[in-house]
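**Q**
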Amino acid sequence: MSEPRNVLLIFTDQHRLSAVGAYGPTPCRTPHIDRLAREGVRFDNAYTTCQVCSPARATIMTGQYPHAHGINANVHNLGCSVHELEDRPSLLSRRLEAAGYGLGYSGKWHLGTDRTTTFGGSNRPSLPRNVGFEGQNFPGHGGGGFHYPEYQQYLAARGFEHAVKKWAEPTVQIRAAGELAGPIESTVPYFLAENSIALMESFKTRGKPFFLWHNFWGPHVPCYATKEFVDLYRGVEIPTWPNYEWPSRMIPGPHQIRIHPKHEHLSWADWATMLRYYYAFTSMIDSQIGRMLDYLDASGLAKDTVVIFTADHGETMGSHGGLTDKGWHHFEETNHIPFIVRFPDGSHKGQVISAFVSLADVYPTIVDIANGEWEPGAVHGESLLPLIEGKAENWRESVVMEFGGVVNVVSTQRTIRHGALKYGLNCCCEDELYDLAADPHETRNLVNHPDYRDAANDLRRRLSDWMERTADPVRGLCDRAIAYYRAGTVGRV
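The sequence shown finishes on residue 1156 if you use my numbering, and the numbering steps up by one all the way, no holes.
(1) Where are the beta strand (DSSP E) runs, 3 residues long or more, that stay fully inside the stretch 720-795, in chain order?
(2) Among residues of its own chain, excluding the 5 on either side of Pro1136, which ones have a beta-carbon nearer than 7 Å to its beta-carbon?
(3) Let me know the secondary structure DSSP gives Leu986 once reduced to three states.
(4) Look up Gln1014 in the DSSP assignment and say whether it is helix, strand or coil.
(5) Taking 9 Å as the threshold (C-beta atoms), are His877 and Gly807 in contact?
(6) For the structure I just gave you, are there three or more beta carbon pairs, one from the stretch 945-959 and one from the stretch 671-678, closer than 8 Å?
(7) Considering Thr889, what are the terminal residues of the beta strand (DSSP E) in which it resides?
(8) Give the secondary structure of Trp1129 by DSSP, where H, G and I count as helix, E and B as strand, and everything else as coil.
(9) Buried or exposed: which applies to Leu741, given that a residue is buried once 16 or more other Cβ atoms fall within 10 Å of its Cβ?
(10) Since Ile1000 and Gly1035 are thought to touch, with beta carbons under 8 Å apart, how far apart are those beta carbons, to the nearest angstrom?
(11) If you compare alpha carbons, which of Ala826, Pro910 and Ile920 is closest to Lys890?
(12) When the distance is taken between beta carbons, is Ser1127 closer than 9 Å to Gly990?
(13) Candidates Ala682, Thr693 and Thr689: which alpha carbon is nearest Gly953's?
(14) Between the stretch 1041-1048 and the stretch 1018-1030, are three or more C-beta pairs nearer than 8 Å?
(15) For His918 and His992, I'd like the C-alpha separation in whole angstroms.
(16) Identify the continuous alpha helix (DSSP H) that holds Pro1049 and give its terminal residues.
(17) From Thr780 to Leu748, what distance separates their C-alpha atoms?
(18) Could you tell me the distance, in whole angstroms, from the CA atom of Pro910 to the CA atom of Ile1079?
(19) The alpha helix (DSSP H) that contains Glu864, what's its start and end?
(20) Counting only runs of 3+ residues fully inside the stretch 947-984, write out the beta strand (DSSP E) ranges in chain order.
(21) Spatial neighbours of Val893 within its chain, please: CB distance less than 8 Å, with the 5 preceding and 5 following residues excluded, ordered by chain position.
(22) Helix, strand or coil for Tyr942 per DSSP?
(23) Measure the alpha-carbon distance for Ser1010 versus Arg701 and round it to whole angstroms.
(24) Suppose only complete runs of 4+ residues qualify. What are the alpha helix (DSSP H) ranges in the stretch 1041-1103, listed by chain order?
(25) Can you round the beta-carbon distance between Gly733 and Thr776 to whole angstroms, since I take them to be within the 8 Å contact cut?
(26) Check whether chain D comes within 9 Å of Arg939, counting only Cβ atoms and requiring the distance to be less than that.
(27) Under a three-way DSSP split, which group does Thr1106 fall into?
(28) Please state whether DSSP places Ile1000 in a helix, a strand or coil.
(29) Are the Cβ atoms of Gln714 and Thr968 separated by less than 9 Å?
(30) Enumerate in chain order the residues of its own chain whose CB-to-CB distance from Ala935 is below 6 Å, with the five nearest sequence positions on each side excluded.
(31) Looking at the structure shown, is Val1020 part of a helix, part of a strand, or coil, going by DSSP?
(32) Taking only three categories from DSSP, how would you classify Asn669?
(33) Is Tyr768 near Phe796, with beta carbons less than 9 Å apart?
(34) From Ile1145 to Pro905, what does the alpha carbon distance come to, in whole angstroms?
(35) Please tell me whether Ile860 and Met980 are closer than 9 Å, where the distance is taken between their beta carbons.
(36) Find the nearest neighbour of Ser717 within the set Arg792, Gly798, Asp697 and Tyr728, judged by alpha-carbon distance.
Encoded structure:
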């Protein structure tokens, strides 16, 4: 058994693949994330478990899908069964604590608050320090992190303030975005990196292996960036999304709830400006990832630290006919996520893996790196180490995502990707089937196409089998879909 290694998990929020240079041509500049990809393993088919913040984050802590861990919507929203992450020995933090690790936390939590649940029940308040971490301890979502007393104190001690310049662009301000008045040192991403660097230095001084979970509030809106990063994208051409002209209003389905209310009055120029700020925010975050990597190098910790970079889910930003935010559809923009692992000894440098991996794999992978223990039957993910080393047997052929609603509107959706095909169970209206080989931008629903009848039935069966293995209570609806479509029935009853 190898010596336990430090683990730095860098987690971004609402980060679509077009905002990572390592994943293909893009105007977005992410040199430090790209460095991790060059020096580590890039997973080209990584998927979230749920395209909503709290459920995806709870998967990191439990290794389970939302229907099992119970945080199946954002905490303290309707549709969420568990509003405060329950402390228990099976949590990732407690598994690592049992393996002798120090536990550090920075940034967004969104797995509980400093109060009892507002929706009844007996959930106790849950913050990072309640489940074994030291470091920052921010309740709730945080809305960008600007209003927490710790950040305000940080600013005051350095003579800074958080100020956003008045919107001066010639286009419509589609979502919250803008140029920050202060220097990079006054930003939330810098503040978070400062905390993580201090925690790593503390663990080094104490001679303890550590797990540090670093969580950025971004590039989730509001997309605020300093002048140097906004200027990176001034005048830069932003290519139109290939599915931007998709007739979202004309096609019935749950996605309707996410069409921008002013879609018909917006132009691509409006969206392009918004994307420049989204990319500027991403590049600013990337600069702070670079600071943490530079610290690892300068301190000597790089030779003992595994770095994992991934995100909770993606973002639409006007794709598919003006969709905003996330949720209510099965599309790649919000389900397909970046995922990179760099090893300290340089092994597997530049490796690219196309097998399907899931956000649920983070938990067992980190516990495996730490030589810790977990209960495979209680965890839905698999350690990625055998896959990386070419020793995995019977690796998954499909990957599943789920959705239970967001912003106090409840829904039930399941998505399965198998090969180039993706099936979406909607439980409310016609299901969806996309052939990503023939239609990579998912503009043609083939669920009723006669040439895809057998393929659709195969994916329904695979989804039903997965639901049985993971005790998903929605399985009955999936089995009904199989029966209805076999009988030639369209839609839901």
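Every residue gets a Cβ at the ideal spot worked out from N, C-alpha and C, and that includes glycine. Quantities reported herein were computed from a predicted structural model and do not represent experimental measurements.
**A** Looking at the atomic coordinates:
(1) Runs found: 765-770.
(2) Same-chain partners within the cutoff: His730.
(3) Assigned with DSSP and collapsed to three states, Leu986 falls in strand.
(4) Look at Gln1014 here: in three-state DSSP terms it is strand.
(5) Contact flag unset, no.
(6) Yes: at least three Cβ pairs fall under 8 Å.
(7) Run containing Thr889: Cys886 to Thr889, per the beta strand (DSSP E) assignment.
(8) Residue state, collapsed to three classes: helix.
(9) Label assigned to Leu741: exposed.
(10) No, Ile1000 and Gly1035 are not in contact; Cβ-Cβ is about 24 Å, not under 8 Å.
(11) Nearest C-alpha to Lys890: Ala826.
(12) Cβ distance not < 9 Å, so Gly990 and Ser1127 don't count as in contact.
(13) It is Thr693 whose Cα lies nearest to the Cα of Gly953.
(14) Using a Cβ-Cβ distance cut-off of 8 Å, the stretch 1041-1048 and the stretch 1018-1030 are in contact, since at least three pairs of beta carbons, one from each stretch, lie closer than that value.
(15) Between His918 and His992, the C-alpha separation is close to 5 Å.
(16) From DSSP, the alpha helix (DSSP H) with Pro1049 extends over Leu1048 to Ile1051.
(17) Only weak support is given to the placement of Thr780: the predicted model assigns it a pLDDT of 48, under 50, and the value that follows is read from those uncertain coordinates. The alpha-carbon separation between Thr780 and Leu748 amounts to approximately 11 Å.
(18) Rounded to the nearest whole angstrom, the C-alpha separation of Pro910 and Ile1079 is 24 Å.
(19) Val851 to Arg869 is the extent of the alpha helix (DSSP H) around Glu864.
(20) Complete beta strand (DSSP E) runs here, min 3: 968-974.
(21) Around Val893: Glu842, Arg939, Tyr940 and Ala943.
(22) Of the three classes helix, strand and coil, the one that applies to Tyr942 here is helix, per DSSP.
(23) The alpha-carbon of Ser1010 is positioned some 11 Å away from that of Arg701.
(24) Given a length threshold of 4 residues, each whole run of the alpha helix (DSSP H) inside the stretch 1041-1103 is given here in chain order: 1048-1051.
(25) Gly733 to Thr776, Cβ: 16 Å. No contact.
(26) The chain inventory of the structure shown lacks chain D, comprising one protein chain alone.
(27) In the structure shown, Thr1106 sits in coil (DSSP, three-state: anything other than H, G, I, E or B).
(28) Ile1000: strand per DSSP, three-state reduction.
(29) Not a contact, by the Cβ cut-off of 9 Å.
(30) Closer than 6 Å at the Cβ level, and outside the excluded window around Ala935, lie Ile901.
(31) Three-state result, Val1020: strand.
(32) Note: Asn669 maps to strand in three-state DSSP.
(33) Phe796 sits close to Tyr768, with the two beta carbons spaced by under 9 Å.
(34) Distance between the alpha carbons of Ile1145 and Pro905 is about 32 Å.
(35) For the pair Ile860 and Met980, the CB atoms are not nearer than the 9 Å cut-off.
(36) If we check each option's Cα against that of Ser717, Tyr728 comes out closest.
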